[in-house]
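J.:
Numbering (full-length UniProt numbering), first residue to last: 1 to 763.
#1: Leaving out five residues before and five after residue 779 in sequence, what residues of the same chain have Cβ atoms less than 7 Å from its Cβ?
#2: Starting from residue 22, follow its DSSP beta bridges and name the residues at the other end.
#3: I want to know whether the segment 199-216 touches the segment 330-338 - three or more CB-CB distances under 8 Å.
#4: Beta-carbon separation of residue 14 and residue 48 under 8 Å?
#5: So, does the segment 293-310 touch the segment 104-113, judging by three or more C-beta pairs under 8 Å?
#6: Three-state secondary structure (DSSP) at residue 747?
#7: Can you tell which of 310, 340, 199 and 238 has its C-alpha closest to the C-alpha of residue 184?
#8: Within this structure, are the beta carbons of residue 126 and residue 54 separated by less than 8 Å?
#9: Quick check: residue 9 and residue 120, are their CB atoms within less than 8 Å of each other?
#10: Kindly indicate which three-state DSSP category residue 314 falls into: helix, strand or coil?
#11: One question on the structure: do residue 444 and residue 746 come within less than 8 Å of each other, judged by their Cβ atoms?
#12: Could you pull the start and end residues of the beta strand (DSSP E) that residue 477 belongs to?
#13: Could you check the C-alpha separation between residue 313 and residue 410 for me, to the nearest Å?
#14: Applying the 10 Å Cβ sphere with the 16-neighbour rule, what's the burial state of residue 258?
#15: Alpha carbon to alpha carbon, how far is residue 360 from residue 40?
#16: Excluding the 5 residues preceding and the 5 following residue 36 in the sequence, name in chain order all residues of the same chain whose CB lies nearer than 7 Å to its CB.
#17: Pop quiz: residue 525 and residue 534 are said to be a contact at Cβ under 8 Å. What is the actual Cβ separation, rounded to whole angstroms?
#18: Return yes when the Cβ of residue 63 is within less than 8 Å of the Cβ of residue 348, no when it is not.
#19: In this structure, how does DSSP classify residue 677 when only helix, strand and coil are distinguished?
#20: When the distance is taken between beta carbons, is residue 311 closer than 8 Å to residue 462?
#21: Check residue 144 in the structure and name its three-state DSSP category.
#22: Using the Cα positions of residue 207 and residue 398, report the straight-line distance between them to the nearest angstrom.
#23: Alpha carbon to alpha carbon, how far is residue 336 from residue 239?
#24: Using a Cβ-Cβ cutoff of less than 8 Å, which residues in the same chain neighbour residue 610 once the five nearest sequence positions on both sides are dropped?
#25: Please tell me whether residue 400 and residue 407 are closer than 8 Å, where the distance is taken between their beta carbons.
#26: Hey, quick one: how far does the beta strand (DSSP E) through residue 1 stretch, first residue to last?
#27: Could you spell out the range, first to last residue, of the beta strand (DSSP E) harbouring residue 269?
#28: Can you grab the Cα-Cα spacing for the pair residue 325 / residue 315, in whole Å?
#29: What number of angstroms, rounded off, separates the C-alpha of residue 263 from the C-alpha of residue 584?
#30: Taking all protein chains shown into account, decide if residue 79 is buried (16 or more other Cβ within 10 angstroms of its Cβ) or exposed.
#31: Leaving out five residues before and five after residue 765 in sequence, what residues of the same chain have Cβ atoms less than 6 Å from its Cβ?
#32: Just curious, the alpha helix (DSSP H) that residue 729 is in, first and last residue?
#33: Quick check on this structure: which residue in 716, 386, 436 and 528 has the alpha carbon closest to the alpha carbon of residue 374?
#34: Within 10 Å of its beta-carbon, does residue 281 have 16 or more other beta-carbons around it, so buried, or fewer, so exposed?
#35: With DSSP collapsed to three states, give me the class of residue 546.
#36: Out of 658, 498 and 128, which one is the CA nearest neighbour of residue 345?
In structure tokens, the structure reads:
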């Protein structure tokens, strides 16, 4: 990562300090250097290139060749060379650095309170780049001609802004403007008027690095409720931006690693445990133990937050649409939501939503990988034989283009359920292919024939298509994330995924490597009455589980049955007759069912809501668990015998449901039941993996799938596995949810390409 991060001026300064002559420049491969001098100084120079690199630089490799001296008298910065096949990397957008913040608050500095100041160590990168090499003419800063002062800094090798492509100041750079929904400019200072609007409870559409956000005063209950109503976002939590860590600590409990995540240059939203006395309106995150908190990551945010205190900052869109990023588009799409628009005239080339992360065991777990992280690549363990495009999944879609050992996982696209999101998906692929000069020869896709990402793959011409089973992709993603190839015991727990047998999977125990997998076991299958309607109405899954456990006469006194009595006969007939009730092994639907049985929620307004609230309810101090009696060892499939065709083990997870019902009817508190259920699932995972280790000899476990975003389950499962001597692989570079699927698809397609085969399941 050596372009747009001050690497050339670093090389220039280093070479001059050592008395070397020659030149340094950008090309499509990265940075090239010609350095001439005594061998001892050249060796010091080469070592320092990686050990003393600028803060945002990442040096993967340095190659050196001895050539004839040219006899140069000085060391200079050469013109960029844009010819040849591109292999250079583009850095992610980076939060404002401490030096720029000092200037922002210095009345004597010419950039005092200028909302767009930046330098080589911070500021916009990926969101403004239109092509490579990364030079100003190939960014959205091209229309802004530098003034004499900025040009002097830009050309001064000793200056922090030497060759900083977005460099600007009040005399020559972008300007703020406050408008109404028609685009008419409102009088007065834009920043002061915006602060006043927020204090008055108005909704502000705010143009950030990767798109527009909607902002309100986080402590104003009426403003937060109005935003919810206008945005059609009934209950899903909003993120909060706090002025600094000290203020964030008044809202949430923050440990040292969480502080580091907050202050990281990535500027991500960090999921934190909420303080009971947090001065945040209930409508911001209703009934939630956690808050998503971020700190200001642009000068504009710093100026705004210094005057307002914490604000809600949520993506500017209607539910399920991609974030608005073009000015005219934003005014059109947000006209019925925002009262005023704080924008500016610096263009955004690629919309990029905020990243979301959390801390676990002192490591970062991405929930949404986007601004601040993209497009920095994930390094693959082995180079790909041919360039690959992976189209990802349907929900939480990301795609990935890859060549060599670099896998460029895209920013968060969203759910491919409408035209706008699909257009964002296709435009993003085109941009990545152009930016990294990748012409895919292999295109990987999910097996589900109705996914729009699968249909897109089928329309690509002159490529080899590789179908990848959803849960194999989850486990392969975890392997690639950890730089490993397997085999592992893979536990893939999520909502839904199309299986190789045409049924709906979601609670899977696999023996997997990067090319093949075998399905060793799964949670017992139950009907999903109404198909997708059962996802949105968890009470349907509760009825299905109860019928599976107790037959047509479930125990009396259950409120979930009383609440939904008018529809019980219909749902019962669907389950018994298999009409519009596909059977599923989904772990996500099991959590939904228990949430409904406990009276937490019969219907959801966003994906995973019932399971999230079940986790929120659980008593984290509870150590009891509900046991599951595994079938005898003799019923296990033979996973290693060549051509083994024995069916996978069906795990009676319904025993957990029975235990929940028994304790609920006995009057046990919901918090205790929820805690014991989580612990029971974790023990089930560990005990079954122990049994599978005996059968396979494999002692590594990879955990992946959206259900493992549940940190209570993850904590209990990891502890239970480690107590039994397993090495456990978790995600750290891509999300465990479907946002990481595309990386697994790339890894599988590459390994099958290497082995010359394309079988979705061995045996």
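Backbone N, C-alpha and C fix where the C-beta goes; we use that ideal spot for every residue, glycine too.
T.: Judging by the given coordinates:
#1: A query on residue 779 cannot be resolved here, the shown segment of the chain reaching from 1 to 763 and no further.
#2: 35 and 75
#3: yes
#4: Yes; because the gap between Cβ atoms is below 8 Å, this pair is in contact.
#5: yes
#6: helix
#7: 340
#8: no
#9: yes
#10: strand
#11: Going by C-beta atoms, residue 444 is nearer than 8 Å to residue 746.
#12: Looking at the DSSP string, residue 477 is not in any beta strand (DSSP E); the run it does join, the alpha helix (DSSP H), is 470-481.
#13: 22 Å
#14: Buried, by the Cβ-count rule.
#15: 45 Å
#16: Here the set comprises 20, 21, 22, 69, 70 and 72.
#17: Not really, about 13 Å apart at Cβ, beyond 8 Å.
#18: no
#19: helix
#20: no
#21: coil
#22: When only Cα atoms are considered, residue 207 and residue 398 end up about 23 Å apart.
#23: 21 Å
#24: Closer than 8 Å at the Cβ level, and outside the excluded window around residue 610, lie 538, 591, 592, 595, 596, 600, 601 and 604.
#25: By the CB criterion at 8 Å, residue 400 and residue 407 fall inside the cutoff.
#26: Looking at the DSSP string, residue 1 is not in any beta strand (DSSP E), and its letter there is neither H nor E.
#27: 269-274
#28: 10 Å
#29: 42 Å
#30: exposed
#31: Nothing about residue 765 can be read from this structure; the chain reaches only from 1 to 763.
#32: Run containing residue 729: none in the alpha helix (DSSP H); it sits in the beta strand (DSSP E), 727-729.
#33: 436
#34: So residue 281 ends up on the buried side.
#35: helix
#36: 128
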